[in-house]
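Asks:
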Amino acid sequence: ESDVLTVLGYWGFARNISRLNVMQKDVTWVWSDTLGLLRDRTGDIHLTKATHAYPDVVQVLASWLTNRLPATEAQGFRWTSFNLNKDYNGRIHRDGNNFGPSMISAFGDYSGGALNYYPHDDGKIDLELLQSKTEDKAAKLDLKNGLALFNGNSAHEVNDYCGGDRYSIVYFTIGCHSKMTDECRQGLRDICMPVPDADEDPRSLLV
Numbered sequence: 022e023s024d025v026l027t028v029l030g031y032w033g034f035a036r037n038i039s040r041l042n043v044m045q046k047d048v049t050w051v052w053s054d055t056l057g058l059l060r061d062r063t064g065d066i067h068l069t070k071a072t073h074a075y076p077d078v079v080q081v082l083a084s085w086l087t088n089r090l091p092a093t094e095a096q097g098f099r100w101t102s103f104n105l106n107k108d109y110n111g112r113i114h115r116d117g118n119n120f121g122p123s124m125i126s127a128f129g130d131y132s133g134g135a136l137n138y139y140p141h142d143d144g145k146i147d148l149e150l151l152q153s154k155t156e157d158k159a160a161k162l163d164l165k166n167g168l169a170l171f172n173g174n175s176a177h178e179v180n181d182y183c184g185g186d187r188y189s190i191v192y193f194t195i196g197c198h199s200k201m202t203d204e205c206r207q208g209l210r211d212i213c214m215p216v217p218d219a220d221e222d223p224r225s226l227l228v
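In the numbering used here, the protein residues as written are 22 to 228.
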């Protein structure tokens with residue numbers, strides 16, 4: 022954890038204006054970057070520039086997770102990408118295009134900031150209505166003191182927090198991962214990312 026926190030403390034987060042689904046009202050950008058595989062707005066699937074520029078960072082963050090995967094519940098978890106986030110609490114949203122489950126954890130000298138996860142969300146109800154009617158049914162996950170495996174395509178949000186910096190890492194697979202080139206697949210494996218097979222079952226770890 023201390024190694025990860027050191028890496029995240031040195032990371033030069035971008036002011037990301039494209040993650041509109043996680044921004045609170047009146048917020049125009051958040052500190053957020055994607056490492057690993059990405060599909061851009063033109064449809065091209067490739068490793069991000071930061072992945073090529075900082076492969077050692079990817080290896081540290083990937084190894085941190087693979088060394089901690091629960092042997093019985095999630096040893097088979099694989100991913101193509103991860104989001105690095107700093108100092109914002111995402112509003113209620115659905116990721117929408119993820120393949121299978123995501124894994125998430127948080128780091129930093131802060132208090133609060135639990136993940137509210139709505140496993141009962143069927144994706145058909147308005148998010149604010151879902152929040153107002155069923156917030157008491159949401160699972161409240163303490164990310165600072167453990168990992169959480171969850172379906173990012175179901176609604177989730179982050180509670181307010183206070184104190185110092187709050188970082189989070191979300192490990193996930195993009196929905197179009199099976200279309201990546203062999204070069205991209207090998208590139209991910211070379212930096213310790215256990216990528217899923219092209220014909221992977223997206224529900225193998227979801228119950």
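Heads up, the beta-carbon is just placed ideally off N, CA and C, and yes, glycines get one too.
1. Grouping DSSP H, G and I as helix and E and B as strand, with all else coil, what is GLU149?
2. Quick check on the burial criterion: 16 or more other C-beta atoms within 10 angstroms. Buried or exposed for THR93?
3. Can you check whether the C-beta of PHE98 is within less than 8 Å of a C-beta belonging to chain C?
4. Alpha carbon to alpha carbon, how far is ASP142 from LEU136?
5. Return helix, strand or coil for TYR182, following the three-state DSSP convention.
6. Within a Cβ cutoff of 6 Å, which residues of the same chain sit near LYS165, ignoring the five residues on either side of it in sequence?
7. Rounded to a whole number of angstroms, what is the C-alpha to C-alpha distance between PRO223 and SER175?
8. Do PHE98 and PHE193 count as a contact pair if the criterion is CB distance below 8 Å?
9. Whose CA, out of TYR131, LEU148, SER132, lies closest to the CA of TYR139?
Replies: For this structure:
1. GLU149 sits in a helix when the DSSP states are folded into three classes.
2. exposed
3. Looking at the structure shown, chain C is missing, and only one protein chain is on hand.
4. 15 Å
5. Residue state, collapsed to three classes: strand.
6. The answer, listed in chain order, is ALA127.
7. 14 Å
8. no
9. Minimum Cα distance to TYR139 is reached at LEU148.
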